[in-house]
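Working notes, beginning with the structure itself.
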Ligand SMILES: C[S@@+](CC[C@H](N)C(=O)[O-])C[C@H]1O[C@@H](n2cnc3c(N)ncnc32)[C@H](O)[C@@H]1O
């Protein structure tokens, strides 16, 4: 793996373009999640185009770009409006120091502005990672646009399904788009034990006691944070309009 990624995890600090060091905070994803993004991108091969919402200190970004480098080519689009304001440019700087700049296209804009623009440009992606603003309506909008840009056979990774808002979007995806998405356990952390599953189920119910449909859909999921969904079939744009009355509770 790349020495810059290793150093970020061991030193727990990142360098800004001005040479200052800033400590990494709790926004940083666990190494196993980064490795999962890396393996997913490697699996999609040299044609892969990847997309992420929420770059922060660029841990996820580095894993995507490193995979593109090892694939021989590819492109990663990262959307994050706050690279300078919140992260002192340290994410972008780490990508540069890792020698991965050529694989990154950073859009410094909010996702609900930039995703429709990418859609209008007819962009398509093989792997998409949602880890931006975790409010329900933002995560839902991220999914809405990504769904239309994700290739059949592509993967959608939802980070932080321990947030009820993000879990609800996953439930929506499986309920309203169940013919087109299924959980892909190939790339996820191994499931935890029955005790963890019971603890998580209680926790999920305490967080959102009335959201029984989501709790039901997650009843077998003992992974706490990260879910991988596979887009199993192509959905033509016309299909959304033809089935304009369709609704299922989620
Ligand atoms: C949890 S952090 C991402 C962590 C990162 N993926 C990693 O690997 O360390 C969430 C990020 O979402 C960004 N963000 C917040 N609102 C956003 C929006 N409306 N559109 C895109 N990104 C947003 C924040 O600036 C922050 O960098």
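Numbering (our numbering), first residue to last: 14 to 263.
Idealized CB from N, CA, C, for every residue including glycine.
Since the structure is predicted, the reported quantities are computational estimates derived from the model, not experimental observations.
CB of residue i to nearest heavy atom of ligand 1: below 7 Å?
i           : result
residue 41  : yes
residue 93  : yes
residue 68  : yes
residue 102 : no
residue 265 : In the structure as shown, the chain starts at 14 and stops at 263, and residue 265 therefore has no counterpart that could be examined.
residue 185 : no
residue 151 : yes
residue 146 : yes
residue 251 : no
residue 72  : yes
residue 125 : yes
residue 195 : no
residue 99  : yes
Check whether the Cβ atoms of residue i and residue j sit closer than 8 Å, and answer yes or no.
i           : j           : result
residue 244 : residue 194 : yes
residue 141 : residue 187 : no
residue 27  : residue 127 : no
residue 119 : residue 162 : no
residue 79  : residue 15  : yes
residue 189 : residue 77  : no
residue 42  : residue 172 : yes
residue 67  : residue 145 : yes
residue 197 : residue 236 : no
residue 93  : residue 121 : yes
residue 111 : residue 29  : no
residue 129 : residue 87  : no
With burial defined as no fewer than 16 other Cβ atoms inside 10 Å of the residue's Cβ, what is the status of residue i: buried or exposed?
i           : result
residue 70  : buried
residue 98  : exposed
residue 25  : exposed
residue 63  : buried
residue 191 : exposed
residue 207 : exposed
residue 32  : exposed
residue 117 : buried
residue 225 : exposed
residue 34  : exposed
residue 261 : exposed
residue 101 : buried
residue 105 : buried
residue 211 : exposed
residue 232 : exposed
residue 3   : The chain is shown only over 14 to 263; residue 3 falls outside these bounds and no answer can be derived.
residue 251 : exposed
residue 180 : buried
Just to check my reading of the structure: residue i and residue j have Cβ atoms closer than 8 Å, yes? What is that Cβ distance to the nearest angstrom?
i           : j           : result
residue 214 : residue 205 : No, residue 214 and residue 205 are not in contact; Cβ-Cβ is about 12 Å, not under 8 Å.
residue 83  : residue 73  : With a Cβ gap of about 16 Å, residue 83 and residue 73 do not count as contacting.
residue 209 : residue 178 : That pair is no contact at about 22 Å.
residue 57  : residue 147 : About 26 Å separates the two Cβ atoms, so there is no contact after all.
residue 46  : residue 61  : Going by Cβ atoms, the distance from residue 46 to residue 61 rounds to 18 Å, so no, they are not a contact pair.
residue 149 : residue 182 : 7 Å
residue 75  : residue 17  : 7 Å
residue 165 : residue 91  : Wrong, their Cβ atoms sit about 23 Å apart, outside the cutoff.
residue 184 : residue 248 : That belief does not hold up - the Cβ atoms of residue 184 and residue 248 are roughly 19 Å apart, past 8 Å.
residue 200 : residue 49  : 5 Å
Kindly indicate if chain D contains any beta-carbon less than 8 Å away from that of residue i.
i          : result
residue 51 : Looking for chain D here will not work: only one protein chain is present.
Can residue i be considered in contact with ligand 2, in the sense that its beta carbon sits closer than 7 Å to one or more heavy atoms?
i          : result
residue 14 : This structure lacks ligand 2; the ligands present are ligand 1.
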